[in-house]
Each structure stands twice: as C-alpha cells, then as structure tokens.
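Engineer: Numbering of the sequence shown is given in my numbering, commencing with residue 1 and proceeding in unit increments.
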Amino acid sequence: MFSVNDTVLYGASGVCVISDIEKRTVCGKNHSYYVLNSVYRDNSTILVPVDNDTLVGKMRRVLSQDEIAGIISEVLKNPMRWEDDERMRKEHYKVILSAGDSLEMVKQMKNIHIHKKELEDNGKKLHLADERFFKDAERVIGEEFSLVLKADPEDIMNAILQKFDSEST
C-alpha cells in the first residue's frame, strides 16, 4: 500500500509523487485512485485505481543509493548477450519499460550501447526500436537515479556510459 507524498516510479511514466488518494464515481460505482503527479513533467497527472493489481503493480518505490550501486555493479560484472531477433527485442523492451524494471533497463542499455559501437565500427546504424528503447530507458533511469543521487540526469547517464565503455575495452 502506498501513501500520499510517497515518491514512486510508475512504469515508463517515470518518477511521480502520490499527491492524493481520491474517490471517484465511475459507472455508478465508487473507486479509490492514487493521484500521481510527475516529478519532471509539469501538468502530468495519472490516476491509478487502488484496487487494480495490474496497474498498482507498475508502481514501486524509488530505489535507494545502495540499490542503484548494486544495479550498476550487477550489470558491469555480468556479460551480456545480444538478441538478434528484432521482434523479440521489441517485445522484451515493452515488458521492461512497462514494469519499470531498473535492473533490466540498465542491462539492455548496456547491450544497446555496446551493440551500437560495434555497428558504428562497421559503418552501420542501430535499429530504430533499439534507439527508442534506449531513449525511453535513459529518461526513466536518469530521472530516478538523479532524484536519489541528487545529480543531473545527463551527468548520471554519462557516468554510466563511461563505465560501460571502460568495461568493454
């Protein structure tokens, strides 16, 4: 259960604050909703039905500094395998973003970053689906990590990419 003023990550929507838990009548029935306001986008409000386990399941508390350090450590110490099937990658990306799974987002960002460098070395470009996922994940990860670490999102992402580069050389 979440409370008013909790800071949460809501799937691909990013970091939000629960500003209220309000009751609304929809189709003649009363329902309670978490009212989420985006921390980084003005005028972005999301209503999440309290009794909808699937949608509430997309909400989670933001990570701690130790959890973020653990994610980076985990991703850096484990080798990654590129999925050649673009359709499978796109589906996997969709699931990861929807769930707001930071560990999986960072893993895939590492995969894409390394794959992009390999492609560039051969005069090729990254697939559009991979670019889109990377940008979406970069936004979500940047928002969450910068909030927790009290740093600029761009600085956080540059530091992570430098770690990927130093590991792959």
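We put the beta carbon where it would ideally sit given N, CA and C, even for glycine.
Just mark L9 as buried or exposed, buried being the case when its beta carbon has 16 or more other beta carbons within 10 Å.
Structural biologist: buried
Engineer: Could you name the residues that DSSP lists as bridge partners for P49?
Structural biologist: Y33
Engineer: For the structure I just gave you, are there three or more beta carbon pairs, one from the region 99-114 and one from the region 53-72, closer than 8 Å?
Structural biologist: yes
Engineer: Please classify N111 as buried or exposed, where buried requires at least 16 other C-beta atoms within 10 Å of its C-beta.
Structural biologist: Residue environment analysis places N111 among the buried positions, since at least 16 neighbouring C-beta atoms fall within 10 angstroms of its C-beta.
Engineer: Using a Cβ-Cβ cut-off of 7 Å (strictly less than) and excluding sequence neighbours within five positions of P49, which residues of its own chain qualify?
Structural biologist: H31, Y33, L55
Engineer: Quick check on L222: does DSSP put it in helix, strand or coil?
Structural biologist: Nothing can be reported for residue 222: it is not among the residues displayed for the chain, which extend from 1 to 169.
Engineer: When you compare the CB positions of E86 and H92, do they come within less than 8 Å of one another, or not?
Structural biologist: no
Engineer: Can you give me the start and stop residues for the beta strand (DSSP E) that E22 sits inside?
Structural biologist: Note, E22: beta strand (DSSP E), 15-26.
Engineer: With DSSP collapsed to three states, give me the class of Y93.
Structural biologist: Judged by DSSP in its simplified three-state form, Y93 adopts helix.
Engineer: In the DSSP output, what is R61 paired with across the bridge?
Structural biologist: V8
Engineer: What is the rounded straight-line gap between the Cα of E131 and the Cα of N122?
Structural biologist: 17 Å
Engineer: Within this structure, are the beta carbons of M157 and E138 separated by less than 8 Å?
Structural biologist: Closer than 8 Å, so yes.
Engineer: Report all residues from its chain with a CB closer than 7 Å to the CB of H127; omit the five preceding and five following residues, and keep chain order.
Structural biologist: E86
Engineer: Within 10 Å of its beta-carbon, does M170 have 16 or more other beta-carbons around it, so buried, or fewer, so exposed?
Structural biologist: This structure does not reach residue 170, given that the chain is present from 1 up to 169, and the question cannot be answered.
Engineer: Am I right that V39 and I21 are in contact with their C-beta atoms under 8 Å? What's the rounded C-beta distance?
Structural biologist: About 18 Å separates the two Cβ atoms, so there is no contact after all.
Engineer: Going by beta carbon distance, what residues of the same chain come within less than 6 Å of T7, once the five residues before and after it are set aside?
Structural biologist: Excluding sequence neighbours, T7 sits near V17, V62.
Engineer: Determine, using beta carbons only, whether I141 and V95 come nearer to each other than 8 Å.
Structural biologist: Not closer than 8 Å, so no.
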